[in-house]
Amino acid sequence: MGNSFSLDLGVTDLLRRAKLMRQIHLARQYPSGASVAVFSALALEAYPNDLLLIIDQIKDHELPEGVSEAHFILKQLENDRAQLKIKYSLLYYALTGSALDKGSQIFQDIALLTDIRNQIVHFKPTVSEFIPGEMDRSEALKKLLHRVTRRGIIDRDLVNEPDILTQTWTMVLDESDTFVEWALDVVYNTIKFYHEAIPSFPLKDSFLSIMIPKLPRNQL
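Take any residue in the sequence shown, count from 1 to its spot, add 52: that is its number in my numbering.
Structural data, given as structure tokens:
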């Protein structure tokens with residue numbers, strides 16, 4: 053295979069957009085935590101497809117069994133339009149032959165960022181009432197906000213002080229510097245985790261390493 057090709061990868065572009073929103077947020081131009089989360093989650097969603105594209109470019113070479121298995125499973129999962137959490141679980145199993153611990157922090161963060169993204173993208177308008185000591189939101193949203201609070205990634209305690217949420221719920225994401233950094237970290241940590249899970253073979257560093265974002269975390 054020659055070197056006269058280029059790969060248009062989703063992770064790289066979407067992470068750039070997430071980091072741009074982070075810059076806007078940290079410059080105090082506009083609170084942008086929810087926007088950072090959406091683009092970070094989209095980058096997380098792009099990773100399996102990017103990986104599939106790269107393996108497609110090298111599948112004629114001798115590949116470890118785990119990489120060949122990952123190629124087959126990712127194609128099947130894409131055809132089946134499988135949920136992202138299922139993709140990540142089965143991808144890890146294909147690469148390592150071991151089940152991904154769903155209680156691990158890496159999986160919990162993938163699940164949480166994905167669920168946050170889904171709540172934002174499928175935003176449902178509501179009428180809420182101020183009730184002292186309660187959060188007047190749907191049960192699904194209350195459970196999500198409790199998970200966010202317990203993870204320690206926002207600057208409010210919505211478990212013990214639920215009635216402080218008096219505006220649109222995404223404001224607690226927008227205003228938090230901690231949340232902005234966490235959302236980006238989930239993507240970087242996930243890519244690093246899966247890159248390390250890929251079995252070693254001669255083309256791993258020369259081709260699969262481009263899955264690791266080349267730009268430093270704090271630069272566009």
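Beta carbons are placed, not taken as given, at the ideal position from N, Cα and C, and that holds for glycine.
In whole angstroms, what is the alpha-carbon distance linking residue i and residue j?
i: Thr218; j: Asp188; result: 9 Å
i: Asn101; j: Leu165; result: 18 Å
i: Trp302; j: Ile205; result: No statement about residue 302 is possible, as the shown extent of the chain runs from 53 to 272 and does not include it.
i: Ala93; j: Leu66; result: 9 Å
i: Val88; j: Met73; result: 6 Å
i: Arg199; j: Glu97; result: 21 Å
i: Ala70; j: Ile76; result: 10 Å
i: Met53; j: Val238; result: In this prediction, Met53 scores a pLDDT of 45, lower than 50, which makes its location untrustworthy; the coordinate-derived value is nonetheless stated afterwards. Cα-Cα distance, rounded: 33 Å.
i: Asp229; j: Leu115; result: 42 Å
i: Ala146; j: Phe259; result: 19 Å
i: His247; j: Asp167; result: 23 Å
i: Arg133; j: Glu121; result: 18 Å
i: Gly62; j: Leu103; result: 10 Å
i: Gly118; j: Ser150; result: 11 Å
i: Thr64; j: Thr178; result: 35 Å
Going by DSSP, what residue range makes up the alpha helix (DSSP H) through residue i?
i: Lys139; result: Leu136 to Thr148
i: Ser87; result: Gly85 to Ile110
i: Gln271; result: Where Gln271 is concerned, there is no enclosing alpha helix (DSSP H), given that its DSSP letter is neither H nor E.
i: Glu248; result: Asp229 to Ala249
i: Ala70; result: Gly62 to Leu78
i: His123; result: Glu117 to Asp132
i: Glu114; result: First-last for Glu114: undefined, no H or E at that position.
i: Glu191; result: Glu191 to Arg203
i: Thr178; result: Note, Thr178: premise wrong, no alpha helix (DSSP H); not H, not E.
i: Phe159; result: Gln157 to Val173
With burial defined as no fewer than 16 other Cβ atoms inside 10 Å of the residue's Cβ, what is the status of residue i: buried or exposed?
i: Ser261; result: exposed
i: Tyr144; result: buried
i: Phe91; result: buried
i: Phe182; result: exposed
i: Gln171; result: buried
i: Tyr140; result: buried
i: His113; result: exposed
i: Arg80; result: exposed
i: Ser58; result: exposed
i: His123; result: buried
i: Arg269; result: exposed
i: Lys176; result: exposed
i: Pro214; result: buried
Count the C-beta pairs between the region 150-170 and the region 188-204 that are closer than 8 Å, then say yes if the count reaches three, no if not.
yes
Answer yes if the region 242-258 comes into contact with the region 218-230, meaning at least three C-beta pairs across the two stretches below 8 Å, and no otherwise.
no
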